[in-house]
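Asker:
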Amino acid sequence: MILVLIKHDFRRQGFGRMMLLQMRQVMKLKGYQRIILYVLHKNPARYLYSSLGYKTIKENDKSSLMMISL
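Residue numbers for the sequence shown follow this note's numbering, beginning at 536 and rising by one.
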């Protein structure tokens, strides 16, 4: 389990996208088959995850479970 946070002053500069893409590449090289993440609906990062190809696999009124295959 990994928690990724971007300090407010550094948001919307591409750091989150860069870290997620690098993490995906490393995990694929290590043999992982998928990444699953949990995100609250009020968290704007869910749009970033969607733009990177993550799909919602389960959701409730407050949060979503998203996944991408590697």
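We put the CB at the ideal spot given by N, CA and C, even for glycine.
Considering only residues of the same chain and omitting the five flanking positions on each side of residue 571, which have a CB-CB separation below 8 Å?
Answerer: Position 36 of the sequence shown holds residue 571. Only 592, 600, 601 and 602 meet the Cβ criterion.
Asker: So the candidates are 584, 538, 547 and 573; which of them puts its Cα closest to the Cα of residue 556?
Answerer: Here the question's residue 556 lines up with position 21 in the sequence shown. Of the listed residues, the one whose Cα sits closest to residue 556 is 584.
Asker: Could you give the distance in angstroms between the alpha-carbon of residue 609 and the alpha-carbon of residue 577?
Answerer: Only positions 536 to 605 of the chain appear in this structure, which leaves residue 609 out of reach.
Asker: Drop a sphere of 10 angstroms on the beta-carbon of residue 582, count the other beta-carbons inside from all chains shown, and report buried for 16 or more, exposed for fewer.
Answerer: In the sequence shown, residue 582 corresponds to position 47, counting from 1. Classification of residue 582: exposed, given that the 10 Å Cβ count is below 16.
Asker: Could you give the distance in angstroms between the alpha-carbon of residue 559 and the alpha-carbon of residue 546?
Answerer: Here residue 559 corresponds to residue number 24 of the sequence shown, with the count starting at 1. Here residue 546 corresponds to residue number 11 of the sequence shown, with the count starting at 1. Approximately 20 Å, taken between the alpha carbons.
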